[in-house]
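Structure first, then comments.
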């Protein structure tokens with residue numbers, strides 16, 4: 016029998032920041048910002064930045080929406096490093112496969128607590144809240160690896 020006693024975080028030298036192909040500025044509560052995203056060969060990369068030290072482990076949700084606004088694909092899961100291990104200034108690139116990404120007219124994404132389903136509040140750069148605490152990204156005019 017075994018039981019976890021504690022988590023240990025080992026800090027390596029911080030790698031240089033990467034730049035998303037498509038910049039965004041969305042602020043989530045608990046010190047998390049969305050800097051942008053890149054789409055390449057059907058893969059979505061989300062660029063997160065800790066502006067504080069998140070207190071909990073959050074789950075990322077991504078909804079692929081069709082032209083009618085209905086969800087046609089979804090991807091929920093933890094970022095590669097749990098959010099409660101992020102330090103202020105850390106950048107995390109979350110690379111995901113999203114069902115029907117190539118058919119999507121828009122994406123909605125955000126963060127939530129897995130136990131309660133409660134979404135983190137999300138604000139636009141002007142301070143206005145994002146509806147349903149989900150950042151909506153219209154697709155079609157974004158840069159992709161094919162047109163960089």
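Numbering (my numbering), first residue to last: 16 to 163. Ideal placement from N, C-alpha and C gives every residue a C-beta, glycine not left out. None of these values were measured; they are calculated from a predicted model.
{"Asked": "Residue 163 versus residue 20: straight-line alpha-carbon distance, rounded", "Found": "Bear in mind that a pLDDT of 48 at residue 163, under 50, signals an unreliable position, so the model cannot answer this."}
{"Asked": "Buried or exposed (CB count within 10 angstroms, at least 16 for buried), residue 78", "Found": "buried"}
{"Asked": "Helix, strand or coil at residue 154 according to DSSP, with G and I counted as helix", "Found": "coil"}
{"Asked": "Residue 39 in three-state terms, based on DSSP", "Found": "strand"}
{"Asked": "Reference residue 44; option with closest CA among 64, 83, 107", "Found": "64"}
{"Asked": "For residue 129, the nearest candidate out of 76, 108, 82 (CA to CA)", "Found": "76"}
{"Asked": "Three CB pairs or more closer than 8 Å across the region 116-136 and the region 78-89", "Found": "yes"}
{"Asked": "Residue burial classification, residue 56 (beta-carbon count within 10 angstroms, cutoff 16)", "Found": "exposed"}
{"Asked": "Same chain only: Cβ atoms within 6 Å of residue 111, ignoring 5 sequence neighbours per side", "Found": "59, 90"}
{"Asked": "Euclidean distance between Cα positions of residue 103 and residue 92", "Found": "22 Å"}
{"Asked": "Which of helix, strand or coil DSSP assigns to residue 109", "Found": "strand"}
{"Asked": "Bridge partners - residue 73, DSSP secondary structure assignment", "Found": "Looking at the DSSP assignment, residue 73 forms no beta bridge with any residue, so it has no partner."}
{"Asked": "Distance between residue 150 and residue 71 (C-alpha atoms, nearest Å)", "Found": "20 Å"}
{"Asked": "Bridge partner(s) assigned by DSSP for residue 51", "Found": "38, 62"}
{"Asked": "Contact set for residue 106: own chain, Cβ-Cβ below 6 Å, skip 5 residues either direction", "Found": "32, 64"}
{"Asked": "Terminal residues of the beta strand (DSSP E) in which residue 86 lies", "Found": "86-92"}
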